[in-house]
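These notes are about the structure you will find just below.
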Amino acid sequence: MTLPARVAPDQALFQPVDRCWVCDETRLERFHECRFDFREYAKQDPELDSYTGRTAWLVRCAGCGFGQPDALPTLPRFFDRMYDQRWSEQWVEREFESDYKDFIFGRILGELERRVTARPRRLLDIGAHAGRFMHVAQRAGWIVEGIELNPRTAACAARRTGAPVHQVNAHTLASGLRRFNAITLTDVLEHIPEPVALLTTVAKLLEPRGWIAVKVPCGRSQWHKERLLSAISPSREISLAGNLVHVNHFTTASLKTALERAGFDEVQIGTAAPELVPRDCSALQRVASNAVRLGVYWAARLPGGVDTPLALNLQAYARFPRR
Ligand SMILES: [Zn+2]
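Take the sequence shown: its letter number 13 is residue 1452 in the working numbering, and every next letter is one higher.
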C-alpha cells in the first residue's frame, strides 16, 4: 500500500517532546520521519484518520542512544484509539493456539525459574494478548494473572486459562493489594510513551526482590535491518514506526538506564529469542526459515553480540531491590 499524500504541519495536532524519556537529555537528533496512515480507520474513527498524511520525526538521544518521537499527537487517547482493533474471534483463537512465540516464552520462563525461588510463585503478564504466554507459564507451574486492555483478546485469555485477566492499566492494578514474584512485558514496552513511568509503576506490583523480564525490539538493529531491506528492494518504504506503533526505540544502554531509573538493580540484557515459523506451515519453509532465525540468534548470543546489528530484539531481566 502506498503512503498517503503528505499534509501540511498543524502544530495544534502535536505536542513537542523536548527531553529524552529515559535520561532527560535535551540533545536529540532527528533520524527518521514517519508519516501517519489511518485510512483504515476512516469510518471507525474519523478524528484519528485526520492525522493521515501528517508526519512526526523520530529523534535519537545524544546521551543514552534512546529513540523517540519529537512530538506526540494531542488527540485524546490517541494510542488507545489506534489499538482499538476489532479482531474476529477466530483470529484471536488462532493467536492463542499458535506456537510462533513459544521459543521466546520458554526462554523467558527458564530464566525466571532460575531466579525466582519462592513457592508458590506468582506471575503477571502485562499485555497478555490472547493468553498464550499465561497458558505456557501455567503448564510450567506458575500461578498466573494478566493485564490486557483489548476486550476481545482479554476475553480469550481469561476463558482459555481460567485465570484473572485485568482490563485495567498497571497503575490501577498497583493501587490494590496484588503482588507478584515475576512480571513479564514481552513486546509491550516499545508501545508506551514515557517508559520509565510504566516501569516505576510495575515495580510496585512486585514482591520484595521480585523479577521483571522485558523484551523489546532493538531500535538501532531494526533501523539497520530496514535500511538494508530498502537498499535491496528500493521500492520498499522504510517502516520503522508506522503511526508511532513503536514509540520507544531502545538500545542496550538506554534499556539498562530505563530499568535503573525505575529503581531496578541486577540488570542483565542479552539478545532476545526470535519468533519461529509455526508448526502449521510447510516443513520446508519452517526448517529453512527457522535455521536462519536461530543462526542469527545464536550468533548474537556470542560475547559482544548484543551490541551488533544481529541482536534484533533485546531481553532484559532485573530485580526490584525493595526489602
Ligand atoms: Zn537519553
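Just so it is clear, CB atoms sit at the ideal spot from N, CA and C, and this is done for glycine as well.
Since the structure is predicted, the reported quantities are computational estimates derived from the model, not experimental observations.
_Best match in A1501, D1509 and C1720 for proximity to F1453 [C-alpha to C-alpha]_ = D1509
*asked:* Per DSSP, what are the beta-bridge partners of P1508 in this structure?
replied: L1497
*Three-state class that DSSP yields for G1702 in the structure shown*: coil
_Contact set for T1491: own chain, Cβ-Cβ below 7 Å, skip 5 residues either direction_ = P1443, F1475, D1476, F1477 and R1478
*Check whether the segment 1642-1651 touches the segment 1738-1750, taking contact to mean three or more Cβ pairs, one atom from each stretch, closer than 8 Å.*
Using a C-beta cut-off of 8 Å, the segment 1642-1651 makes no contact with the segment 1738-1750, since fewer than three inter-stretch Cβ pairs fall below that distance.
*Name the DSSP beta bridge partners of A1652, please?*
T1623 and Y1756
*Tell me where the beta strand (DSSP E) around H1471 begins and ends.*
L1467 to R1474
_Just checking F1542 against ligand 1 - is the residue's beta carbon closer than 6 Å to any of the ligand's heavy atoms?_
No; taking the cut-off as 6 Å, the Cβ of F1542 has no heavy atom of ligand 1 nearer than that.
_Helix, strand or coil, according to DSSP, for P1742 in the structure here?_
Coil.
*Assign W1460 to one of two classes, buried (16 or more other C-beta atoms within 10 Å of its C-beta) or exposed (fewer than that).*
buried
*Could you tell me the boundaries of the beta strand (DSSP E) in which Q1454 lies?*
For Q1454, the enclosing beta strand (DSSP E) stretches over residues F1453 to P1455.
*So the alpha helix (DSSP H) I1671 belongs to, where does it begin and stop?*
G1658 to I1671
_Could you pull the DSSP bridge partners for L1628 from this structure?_
DSSP output for L1628 lists no bridge partner at all.
*Just to check, is the beta-carbon of V1456 closer than 6 Å to a non-hydrogen atom of ligand 1?*
no
*Minimum C-alpha distance to V1686 - residue among I1671, V1716 and V1627*: V1627
*asked:* Just verifying my parser: in three-state terms, what is the DSSP assignment at T1696?
replied: helix
*Express the C-alpha separation of T1710 and T1734 in angstroms, rounding to a whole number.*
The residue you asked about is not Thr; residue 1734 is Gly in the sequence shown. Their Cα atoms are separated by approximately 13 Å.
*Mark L1638 as exposed unless 16 or more other C-beta atoms lie within 10 angstroms of its C-beta, in which case mark it buried.*
So L1638 ends up on the buried side.
_Using the Cβ count rule (16 or more neighbours within 10 Å means buried), how would you classify G1658?_
buried
*Continuous alpha helix (DSSP H) stretch holding L1551: start and end*: D1541 to R1554
*asked:* Just list the residues that DSSP pairs T1710 with in beta bridges.
replied: Secondary-structure assignment with DSSP links T1710 through a beta bridge to L1753.
*When a residue counts only if its C-beta is closer than 5 Å to some heavy atom of ligand 1, which residues count, in chain order?*
C1459, V1461, C1462, E1464, C1500, G1502, C1503 and F1505
*Euclidean distance between Cα positions of M1573 and F1759*: Straight-line Cα distance between these residues: approximately 22 Å.
*Sequence-distant residues of its chain with Cβ nearer than 8 Å to Q1577 (five each side left out)*: V1583, T1600 and A1602
_Euclidean distance between Cα positions of V1684 and W1581_ = 31 Å
*With a CB to CB cut of under 6 Å and the five nearest residues on each side skipped, what residues in its chain are close to E1534?*
A1569
*Would you check if the distance between the CB atom of A1701 and the CB atom of V1635 is smaller than 7 Å?*
yes
*asked:* So T1623 and L1562 are supposed to be a Cβ contact under 8 Å. How far apart are they, rounded?
replied: T1623 to L1562, Cβ: 7 Å. Contact.
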